[in-house]
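For the protein sequence lines, the chains are A and B, in the order given.
Residue numbers for the first sequence follow this note's numbering, beginning at 1 and rising by one.
Residue numbers for the second sequence follow this note's numbering, beginning at 895 and rising by one.
Below is one structure; the comments refer to it alone.
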Amino acid sequence: MFWRRRSGSDFRAEIEAHVQLEAERLKQEGLSDDDAQHAARRAFGNVTQAQERFYESRRGILSDTLRDVRFGLRMLARNPGLTVVAVLTLALGIGANTAIFSLLNAVLLRDLPVARPHELFLFGKGEWVGSQDTLPDRSWQLFSYPFFREFRAKNQVFSDVAAIDSITFRSHGSIGGDAGTEKIAVELVSGSFFKTVGVNALLGRVLTDADDRKPGAHPVAVASYAWWQRRFGRNPRIVGQTVTINSTVYNVVGVTPPEFFGVTVGQSPDVWIPLAMEKEISPGWNGLERDLFQSLYIIARRKPDVTLAEASSNTNLLFKQILYEYAGSKPSPKDVEDIQHALIELTPASKGLSQLRFKFESPLVVLMALVFLILLIACANVANLLLARATSRGREIAVRMSIGADRSRLVRQLFVENGLLGTIGAVMGTFVAWLASDVLVAAISPGSRPTIQVAPDLQVLAFTAGISILTVLLFGVAPAFHATRLKPASSLKDGRGAIGSASHGRLSRGLIVVQVALSLMLLLGAVLFLRSLVNLLHVDTGFDKQNVLLAGIDPGSVGYRVDARLATMMDQVEQRLRSVPGIRGASFVFSTFGGGWTDPVVVPGRPVSDHDPDVFQNIVGPDYFATMKIPVVLGRSLSPADTLASRKVAVITETMARIYFAGASPLGRTFSIPPNREWQNIEVVGVARDAKFMSLRQNPMPVAYYPRAQHPIYLYNLVVRYSGDPKAIIPAIRATIHSVDPNLPVSDIRPLSGEINGSVSNQRLVAQLSAVFGVLAAFLSCVGIYGVVSFGVTRRTNELGVRMALGAKRANVLWMVIGEASRLVLLGAAVGLVCAVACGRLAQVRSQLFGLASYDPLSIAVAVAAMAAVALFAAYLPARRATRIDPMVALRYE
Amino acid sequence: MSTRDENERLVLLQGTLDLLILRTLIFGPQHGQGIARSIQQTSEDELLVEHGALYPALQRLEDKGWIAAEWGTSQNNRKARFYTLTNAGREQLAAETNKWRRLAAAIGRVIGAEEG
């Protein structure tokens, strides 16, 4: 009924009919034809007004909006400079926010693409990687294969339970009959894995319980979609294909769907292989039958009718019950105490596991906050532009209001114009985000290949839409209401007053204060984060990271066993490398930086304390200390004379000496690693300077280095110190290794410094992006201050002219204009500093700082100076223009 | 033309025109001019209906669904738009009339009390 349109002509016809009827009646009363017509029309009153009112009532909101949109587009086109600046500003703001959010979404927020992800729980937080072989004595994260089997069989609260090796193996394998080997990322999982997470095969089949019964008996593999696509071009004949790893031949039985990347965000394996094949995939590090070889994550699907509390109490009951079995029939008091403190915390696993998350959670939250500040600054800028324009459109709006336009109608129309700006900004912003997200993914991916998908999903789109609406509201509301608050009479009288509208000035000056405050926060953040990064990169590592190359060697994959042949090969490689010109030293090593394992140690005659830190263990070649340039400050270094037959020795770090041999010289003293036969009665022969081992941030920790000859295991890393051009050295290293054994796979010869710099990639990301944001913020504020001061000068041309005519010097005028701007900047800077110092107390911010406090005076001074310089520059340009005003011209201007 | 000076007539209170239109239509379909005339006559020329204001009001009532309109032919064979009261309109009229009576009575009491 409301939309049944009645035409204007129909309405006119009705009015005409009325007039005729009335005229006829009047004629019957005795008037003449003409008089009757005339009187009837007079009685009717204003025909036009009636028609106006008819149109008014006919017009729907929809047609109004369409008209507003058309008008708005015309207004934007009429002022292209302003439109371009506003749209670009908004596009940068919205785009940067969308880009950071899509990364945050992929790393922190997105659910795993599996059935009912919210039923999945991880045992513990999933932060530990590797293996633990002590009885659990606190909140535990890694579990043994026997524990998994028993738990799965006895549990009542989970519909299924799966185990995943905490290490993804970078194995060397050959495909089909290929002669060469290539790197294949292998994830070992229990047969129940796919059933537990609820993923079916796209092609062939997935692993089942039948694939995980007898150790070594199930050489099958399931390929990931990404690998299938990359390596096989999606050839369906992959099913039945063979892959040879460490001389075991695996049959590919299926492919997973495209969206399933595993349960670890940012670390997608190429193939899944049953845990039963652990020894075949990882010959040097395994223990399927050992109760305390705890190396697995356990993920479980809670039954729908079981509460979380029930699940948790049942899990822990069973956990302790199984641990008591492991402790034996007569557990020691310490074992009992340990088990009492052992705990499994059920962690929601709907978003999967992720080492990326631990590394990038705080950085991403910090960046999200920074980029949101950018958006606020952008909004303030656009609001100021619109305020200035609204003032210059004062006449137009005054005219419209004085001929009867309704205020709400005008506000609506200004809103549509702002909405248009926002929409165009959002579309361009999405484009900016799309460009930026590739760069961002590359920045957080550990390898060369991007490991996460940031393709926009519903959450990202909703975020962009939300942020765009927020933007329009932020920049649009104040100017729209402001513009329509004019008094028509005074605005009509003069297009430009001698004195600017006071309230316009207040609002736009307030926006400048806000902008300066936000920009200062960003600048200070940028300075702090950059200096933290520099501090980290220049921190004393304890070794010389320059001119060292790392090479990866995988002897297990070409049939080496842990025996004399392996030792001979390593000796030969080290020896031959040392004689290559340009190579100063070479040594096999278990781990140079960023990994390792720990054990508790016992020193005879020293009481064991609960506060003793575990000792990091490293196994190295005889030349390691010389190659890494780690000074041995006491005693001797390791030597080729330390062999299987000789006395077991170790070189320990200063920190270990201080903690375990307090005060006295540790030389000649011994220590043991309790449960392990091979690691008893080890003599300390030297003390080395502390070196960073796990990360650059860590404090010095106890480390013990052992000669590789006395502890034969696979060592996958080789360090080489060189002088001269690394480009020539790299092929020489490869050739030398192949001269010992042409089949040995050598991969990834890379500089150690790169590895170390890569360990702070989160810091780097924050530092670089915050620097970009800081510059962007300063630039936007510069534009904003320039705009407001310049507008003020234009409006005050007359006043300034009078002042100069009365004798004000150019310098006076210059300083008057700059002085006014400076007051705003000072106020903004004060507000910004207070806010920045408050934000500096947040844990997320503190976690990104290194070697300085959030209130570091030098950084604050730098940021304030930069902000002041930018602000002065922005104010100086229009101020100089003010001094060029010719008093005569200015006065005549009125 | 009417015999009384226009200035002496009562100007309609806001909102009362709707009530009067609905009341007039209770006697059957009528066109705009007829409605205006009828209000003027039944009020014994006390009320002035500005014809120009009548039509937007009719349109408003039609939009609300209280009256329906159709083109037809008047007694003297002229084409005119005839308005009919709908059921919703009847209910509205009853409600409005009741409200108006209470208002008038209340005002009457206040004024009467002062006189007394």
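Ideal Cβ positions, reconstructed from N, Cα and C, are used throughout, including at glycine.
The structure presented is a predicted model; accordingly, all values stated were derived computationally and were not measured.
| Check | Outcome |
| --- | --- |
| DSSP bridge partner residues for glycine 635 of chain A (one or two, in chain order) | A/Gly686 |
| Beta carbon of leucine 296 of chain A nearer than 8 Å to that of alanine 163 of chain A | yes |
| Opposing strand residues paired with leucine 188 of chain A [DSSP bridges] | A/Ile273 |
| Close-in-space but distant-in-sequence residues of the same chain around phenylalanine 773 of chain A (CB under 6 Å, 5 per side omitted) | Leu370, Ile374, Leu522 |
| Rounded straight-line distance, which links the Cα of phenylalanine 293 of chain A to that of proline 745 of chain A | 29 Å |
| 8 Å Cβ cutoff, glutamine 37 of chain A in contact with chain B | no |
| Beta-ladder partner(s) of proline 923 of chain B, from DSSP | In DSSP, proline 923 of chain B forms no bridge with anything. |
| CB contact below 8 Å: glutamine 953 of chain B versus chain A | yes |
| Listed by chain order, chain B residues near arginine 12 of chain A by CB distance under 7 Å | What arginine 12 of chain A touches in chain B: nothing, since even the nearest Cβ is about 10 Å away. |
| Pairwise C-alpha distance: serine 672 of chain A and serine 739 of chain A | 39 Å |
| Selection of the stretch 14-28 of chain A by Cβ proximity to chain B, strictly under 9 Å | Glu14, Ile15, Ala17, His18, Val19, Gln20, Leu21, Glu22, Glu24, Arg25, Leu26 |
| Spatially closest choice to leucine 634 of chain A from A/Ala641, A/Lys648, A/Ala657, A/Gln617, by CA coordinates | A/Ala657 |
| Cβ contact (3+ pairs, closer than 8 Å) linking the stretch 345-352 of chain A and the stretch 426-444 of chain A | no |
| Integer-rounded CB distance, given that phenylalanine 693 of chain A should sit under 8 Å from phenylalanine 590 of chain A | Their Cβ separation, rounded to whole angstroms, is 11 Å, which puts phenylalanine 590 of chain A and phenylalanine 693 of chain A out of contact at 8 Å. |
| Reduced DSSP secondary structure (H/G/I, E/B, other) of isoleucine 164 of chain A | strand |
| Beta-bridge partners of glutamine 698 of chain A, as assigned by DSSP | None, per the DSSP bridge assignment. |
| Min CB distance glutamine 986 of chain B to chain A below 8 Å | no |
| 8 Å Cβ cutoff met for methionine 570 of chain A and aspartate 741 of chain A | no |
| Proximity to phenylalanine 360 of chain A [Cα-Cα], best of A/Ala767, A/Phe873, A/Leu26, A/Ile818 | A/Ala767 |
| 8 Å Cβ shell around leucine 965 of chain B - same chain, five flanking residues per side excluded | Sequence inspection shows tryptophan at residue 965 of chain B; the leucine mentioned does not correspond to that position. Closer than 8 Å at the Cβ level, and outside the excluded window around tryptophan 965 of chain B, lie Lys973, Ala974, Arg975, Phe976. |
| Buried versus exposed call for threonine 464 of chain A [16 or more other C-beta atoms within 10 Å across all chains shown] | buried |
| CB contact below 8 Å: glycine 45 of chain A versus chain B | yes |
| Local conformation of tyrosine 324 of chain A per DSSP, three classes | helix |
| Sequence-distant residues of its chain with Cβ nearer than 7 Å to valine 813 of chain A (five each side left out) | Leu800, Arg803, Met804, Ala882, Thr883 |
| Proximal residues to arginine 496 of chain A (C-beta, below 6 Å), its chain only, five neighbours per side dropped | Legend: pLDDT at arginine 496 of chain A = 44, less than 50; position of this residue unreliable, value from coordinates given subsequently. Nothing listed; no residue qualifies. |
| Status (buried if at least 16 other CB within 10 Å, exposed otherwise) for glutamine 156 of chain A | exposed |
| Asparagine 981 of chain B versus B/Ala962, B/Ser932, B/Thr967, B/Thr936, residue with shortest Cα-Cα distance | B/Ala962 |
| Simplified DSSP assignment, three categories, for glycine 425 of chain A | helix |
| Segment contact, 8 Å Cβ cut-off, at least three pairs: the stretch 698-711 of chain A with the stretch 574-582 of chain A | no |
| Cross-chain neighbours of alanine 974 of chain B in chain A, by beta carbon under 7 Å | Ala17, Leu21 |
| Ranges of the alpha helix (DSSP H) found wholly within the stretch 61-128 of chain A, counting only runs of at least 4 | 61-78, 80-104 |
| Residues bridged to glycine 552 of chain A [DSSP beta-bridge criterion] | A/Asn717, A/Ser747 |
| Minimum Cβ-Cβ distance from glutamine 917 of chain A to chain B less than 8 Å | What the structure shows of chain A is the stretch from 1 to 894, and residue 917 of chain A is not part of that stretch, so it cannot be assessed. |
| Where lysine 973 of chain B sits in the DSSP three-state scheme | strand |
| Cβ of glutamine 924 of chain B within 8 Å of any chain A Cβ | no |
| Cβ of asparagine 971 of chain B within 8 Å of any chain A Cβ | no |
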